[in-house]
Each structure stands twice: as C-alpha cells, then as structure tokens.
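Working notes, structure below.
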Amino acid sequence: MKKRSVRTLLTLALLICSFRPGAAGLQDGGRTYKPLCLLGLKPGAGSGVILSGAWPARMYQPIRLPGLKPGAGLPTGFAVPVLETGSPGPAGFATGLAVPVLETGKGGGKAGIRSGLILSTTHPVLKNRGGWCRTYQQTVDRLRDAGLTGEQGFELLKRITSVGPRLTGSSGAAAAIDLSLQLMKELGFANVHAEPVEVGHWVRGEVGEAEITASGTRAAVPLAVCALGGSVGTPDRGLTAPVVEVLSLDELGRLGPKLKGKFVFFNRPMDRRLAEPFSAYGGAVDQRVSGASAAARYGALGVLVRSLTFREDRNPHTGLMQYDPGVPRIPAAAVSTQDAEVLSALLKKERGLSVSLRMNCRDMGRVASANVVGELTGTDLPDEVILVGGHLDSWDIGAGAHDDAAGCAASLEALRLIKAVGLRPRRTIRVVLFMDEEFGGTGGRAYVRALQRKGERHLVAVEADRGGFAPVGLAIGGHDSRVLEKISSYADLFRPLGVSFIVPGGGGVDVGPLIEKGAEPAAVMINSQAYFDVHHSALDVVSSVHPRELELQAVILAALVYILAQEGA
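The numbering of the sequence shown is the working numbering, which starts it at 32 and goes up by one.
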C-alpha cells in the first residue's frame, strides 16, 4: 500500500475529540468512556472488517465486506469507546474487545455503510493522551466485584482441607482427588478428569520423640521433633548418642572421624538479614535435604536439623530429605527452633551431651495416585493452553492450608470467576491440581508425558504455591520475553488489586517440566514475611488464611490468565 494511503487510513482511524454528546464522553450503563485513539494501525489481514451493533448493546457481531477498501469513503467524526464482550473478536481485531461504531458526523461511506470503522491490523495498540488504555478494565472490574463480594475462594479452601492432611499416597490424598473432581464438576468446568501419577508412599508413624538425656546434675530435657519426609525410622528402642553441632555441610569434612557413632545437629538458621524469606529459606534448606547422607558418609548415626522458620517456638517444621545412593540411610528429624537454641546452649556448657531419638516412620513403596484436571475450553484456539494450578498433596502434621490448598483454591476460584461473569476465552484456560509436589514432583512430570498432551501447546504455566497471603506483585516470563512486556503494559489494571510490580520469574516444581518444553512461567507474588511461620508445620491451618487476601490472589489470577488467553504469549 502506498504511504499516502496508509496516512489516510491512520488519519481516518483516529478519534475526533470534538465528539458530542458531552465532553465527558459516551455513557453506557452508568460508565463513562473517554474517546480513545487507535494507533499503530497497519494494513493487514483484518482489512475490510467492521464491527456493528445497536448502541448501547454490549455484544457486537463482526461483519466482513471483502470488497471494501481500507480508508475509502469513511465518514468523519467517530467516537470509539472500548467495551469488553467476553467473546472473541474477528481475526483482524484484538480479542476480548468490542468497538461500537457510531456515526457522529456526516458520513455515508460505501457499500451501504451508514456508520463503520474499518480495522486493518491483527492487534491494534489502544492508547489515549494520558498513557496506555485499559482495554480490559471492565473485565477486571467485573472479576474483582464478583470475587471480593463473595470470597468463594475461602469456601473452596475449606472444602479441600475438609479431607484432612493429604500426604502423597495417603488415604487423605485419595479423598482429595475424589473431592477435587466433584468440585470441578460442580463449578461447571469442561473436560474434568484425573490423570494417573505413580507416587511414593511414606508413613510418619505414631512415634516421633526425642530428649536431651539426663546428666548427673540435670534432668532430661524433651525436644519437640518430627521426622523429615522420607526418613527411615530408628530401632524400636530408639537411638542414643553424643551430639556434634555444625553450621554447614562443609563443616562435616573438617570434623571427619569425630562424627562416627554420633548425632549431627545442623543448627544453621535462616538468614534474618535477607528481606526476601524465600531467599533465606533457599540458603538453609540444603542441610535438611542433604544433611543425612552427608553425615552418614562419616559414620554418623542420625541427624537433627533446625526447623526452617524465622519464628522461635516449639513447632517443628518437616520437609523433604533425600538419601544418596550407596550411602547408609540414617534417621533424620527436624527440631523446633526454640529447642534448637536450648540444645545449642547446653552443648556449650556440657561435654559429652547425648540425645535420644525414637521414630517409627517407614517407606511403603510406590502407589497409584492422580493429577486432577479441568478447563474452560477455548473458543478459537482450544489446543493453545494457559495453565494455572497448585499441588493437592500436603504434609501431614497440619492441614496444608497455605501449602498448598490455598494455591488450589485460588486456581479453582480464578476459573470460576471467569465463567461466572460470562467470559469466553479464545484459548483454553486449564486448572491442574498436581499430586506429589512435596515428595519429588512426579505429578508435573506425569502431566507433560500424558497422552492428552498430544497436539497441545502450553503458552504460559502459572504455579500458585506461595501461600494464601496478600498479593504484592506478578512474576512472568524471562527478562526479554514478549509475555513480560505484554503483561507489563497492563500494569495499571493490576495495581489496584495490590500488584505493585511485574518482574521476570515465576515457575515452580509442578510446572517446571512444562517450562522446559517452552511454556513461559508465571506466579502471583505474595507478602511472604509470615509464610515460613507456618510452612510445613502444625500451624498451617485454615484459620491462618485470610479470606480476602486469598480472594485477591484469585482475582489477579483470573485477570492474568484471561488476558493471556485472549492475547496469547
């Protein structure tokens, strides 16, 4: 197309700011829409497409006039308020938008058109004089209103936790699968089904106790402990041995033979100087995961690991530990932070101090389990998937409310909200409640390998596994990814919901295999300062989740995945 024709098309596409009635703009159902400009229009596949409809109706049908030339015979004086319909637009227009075309000046056009705006771009950029236009403002408002007035996410959380703890392979986990299938069907999701996952079945047992043994001048001191996930048990009568305190795995090598026949006490706390709690957790978790095998190489009988939390109390925090092949398997237990301080102080005073430990945890082998899947099937591109989900399994010493019933509930609520306000996504929005995040991530790997993935393309995978606390930001994509740039352009939509930043990042254990296959990661970032107070402990209960904070997460997830389903990645 000649440059002159392009300039003519751009000129005709601009809004005429002298539009009347009123300087305030068009009125629709009590809402005022200021005139907007359509910038960046280029000739393309959308030429000859107009939208028409009776104002102020909210649904507009696309009309194609193949013989119509872009820019030819258009009347002047158009006002274009942006409305979202929940229906996909024609191929040449940004999805999720309806632009009512009103004749405000003299017109007539050609081919019998009395009013119309020809669009000739596959994705017009909408902008006004004050900055980026909120093309999905009405949608986000509706999602917010529906969510915050009902707080149904918290009701879903209570339903999920009603089966009790959901340790991988347990009867509680099996009950949670059945319940989740029922919930998704009740919520009206499509293609609801379970996909098989083989998982490990570890049992904590009924016994988990420890004490600092009595000395000649002191009575025995009980220690609040719990077995680390995957640990072997002790002999029936327990183990009693001297204790050696260390602060790192590296320190073991320097002690060498001095560890033989002893308990190793890993007492490195989470670093309080770090403002980001997940960073502090990451800096201390190696002693929990790898400490037992590292100590066993030097002949240690067992390990005690300081609980990973900033909080000082008598609640031990469990979590996964792993044994290295070819190394003796020795018992591993977490000790509460308060009792870790007591043990450390006594070790400085008494030589030869001993601890007794008794646990009857055991490995029951591999068993069948499942991921639970449901979706809102895309109207235009059903094989392109925006995934959101959390993990259904939990540790067994609490209700697993924050970790991760909250993520499951927020994901379910996000899809419920989209459906409840009548939105129909172009691409499929799928919720997956994964099994076995806590014990090795087999659910995420099984999902990628499932036969149902044939022909599917996952664009974005959103993992909700950071607790049910208040949202503060979004993490999505890599530093140079298009999806990060795209969502960042909608920052004004998310800011009133508590999203103060949008940064690269996201992902997690469950969606990691999808990201390796090319999906972009994403996550809602939460105020995590209190997260490790409850993480993997008996304090992770429903009453520790605030209904409104959880619902805000669900609203943000709903807005995020809907925009991604409309716009792509």
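Don't be surprised by glycine CBs; every beta carbon is placed ideally from N, CA and C.
### Query
What do you reckon, are the CB atoms on GLY405 and VAL223 nearer than 8 Å?
Taking 8 Å as the Cβ cut-off, GLY405 and VAL223 qualify as a contacting pair.
### Query
Cα-Cα, which of GLY474, LEU218, HIS510 and ASN298 is closest to LEU378?
Looking only at GLY474, LEU218, HIS510 and ASN298, the smallest Cα-Cα distance to LEU378 is reached by ASN298.
### Query
Taking only runs of the alpha helix (DSSP H) that begin and end inside the region 357-428, which ones reach a length of at least 4 residues, in chain order?
Complete alpha helix (DSSP H) runs here, min 4: 368-380.
### Query
How would you label PRO347, buried or exposed, when you count the other beta carbons within 10 angstroms and need 16 or more for buried?
Of the other Cβ atoms in all chains shown, 16 or more fall within 10 Å of the Cβ of PRO347; this residue is therefore buried.
### Cα-Cα separation, VAL277 to ILE428
Those two C-alpha atoms are separated by around 27 Å.
### Message
Beta-carbon within less than 6 Å of GLN353's beta-carbon, same chain only, minus the 5 sequence neighbours each way: which residues are those?
### Response
So the qualifying residues of the chain are VAL320.
### Task
Note the first and the last residue of the continuous beta strand (DSSP E) segment covering LEU601.
Residue 601 lies beyond the range of the chain shown here (32 to 600); nothing can be said about it.
#### Entry: Three-pair Cβ contact test at 8 Å for the region 507-518 versus the region 387-400
The region 507-518 is not in contact with the region 387-400.
### Message
On the DSSP letters alone, give me the boundaries of the beta strand (DSSP E) that ARG458 sits inside.
### Response
Secondary structure note for ARG458: its beta strand (DSSP E) is the uninterrupted segment 458-465.
### Endpoints, the alpha helix (DSSP H) within which THR192 is located
That run of the alpha helix (DSSP H) goes 183-192.
### Query
Under three-state DSSP, which class holds ALA600?
ALA600: coil per DSSP, three-state reduction.
### Query
Could you give the distance in angstroms between the alpha-carbon of ALA207 and the alpha-carbon of GLU415?
Each residue's Cα considered, the two are about 28 Å apart.
#### Entry: Extent of the continuous beta strand (DSSP E) to which ALA554 belongs
Per DSSP, ALA554 belongs to the beta strand (DSSP E) from 551-557.
### Task
Apply the 10 Å Cβ neighbour rule to GLY136 and answer buried if 16 or more other Cβ atoms are within range, or exposed otherwise.
The predicted position of GLY136 is uncertain, since its pLDDT is 34 and thus under 50; a value taken from the coordinates is nonetheless stated next. So GLY136 ends up on the exposed side.
### Query
What residue from ASP176, VAL256, ASP564 and LYS189 has the CA that sits closest to ASP370's CA?
ASP370 has its Cα closest to that of VAL256, out of ASP176, VAL256, ASP564 and LYS189.
### Query
For GLY529 versus ALA501, is the C-beta distance shorter than 8 Å?
Yes, the Cβ-Cβ distance between GLY529 and ALA501 is below 8 Å.
### Query
What's the C-alpha gap between GLY195 and ALA430?
Their backbone Cα atoms lie some 6 Å apart in a straight line.
#### Entry: For ASP571 and ASP344, the rounded distance between their alpha carbons
Rounded to the nearest angstrom, the two C-alpha atoms are 14 Å apart.
### Residues bridged to ALA326 [DSSP beta-bridge criterion]
DSSP output for ALA326 lists no bridge partner at all.
### Query
In this structure, does DSSP put LEU583 in helix, strand or coil?
Helix, per DSSP.
### Task
Could you check what DSSP says for HIS224 in three-state terms: helix, strand or coil?
In the structure shown, the three-state DSSP call for HIS224 is strand.
### Query
Would DSSP call HIS489 helix, strand or coil?
Strand, per DSSP.
### Message
Does THR170 come out as helix, strand or coil in the three-state DSSP assignment?
### Response
Three-state DSSP puts THR170 in a helix.
### Message
Nearest by alpha-carbon distance to LEU384: which of HIS510, ARG455, PHE525 and ALA272 is it?
### Response
Nearest to LEU384 by C-alpha distance, out of HIS510, ARG455, PHE525 and ALA272, is ALA272.
### Message
My output table needs one value for ALA306: the three-state DSSP class, helix, strand or coil.
### Response
Of the three classes helix, strand and coil, the one that applies to ALA306 here is coil, per DSSP.
### Message
Looking at the strands, I want to know which residues DSSP matches up with SER246.
### Response
The bridge partners DSSP lists for SER246 are ARG249.
### Query
With respect to the alpha helix (DSSP H) encompassing ARG447, which residues constitute its N-terminal and C-terminal limits?
For ARG447, the enclosing alpha helix (DSSP H) has its first and last residue at 437-451.
### Message
Spatial neighbours of GLN560 within its chain, please: C-beta separation below 7 Å, excluding the five flanking residues on both sides.
### Response
Counting only Cβ-Cβ distances below 7 Å, and skipping sequence neighbours, we find PRO308.
### Anticipated Cβ contact below 8 Å, PHE220 with LEU446, distance rounded
Indeed they touch by this definition, with Cβ atoms about 6 Å apart.
### Task
Quick one: using the 10 Å Cβ neighbour count with 16 as the cut-off for buried, is THR473 buried or exposed?
Here THR473 is buried, its C-beta having at least 16 other C-beta atoms within 10 Å.
#### Entry: Contact under 8 Å by Cβ, LEU214 with GLU582
It is not a contact, given that the beta carbons lie outside the stated cut-off.
### Task
Could you please give me the residues that DSSP links to ARG342 through a beta bridge?
Paired residues: none, contrary to the question.
### Message
What does the Cβ neighbour count give for VAL403, buried or exposed, with the cut at 16 atoms within 10 Å?
### Response
Around the beta carbon of VAL403, 16 or more other beta carbons sit within 10 angstroms, so the residue counts as buried.
### Task
Put LEU591 into one of helix, strand or coil per three-state DSSP.
Here LEU591 sits in helix by DSSP.
### Message
With the cut-off set at 8 Å, would you say GLY396 and HIS577 are in Cβ contact?
### Response
Contact check for GLY396 against HIS577 fails: the beta carbons are separated by 8 Å or more.
### Task
Leaving out five residues on either side along the sequence, give the residues of the same chain with a beta carbon under 6 Å from the beta carbon of ALA451.
Answer for ALA451: ALA177, listed in chain order.
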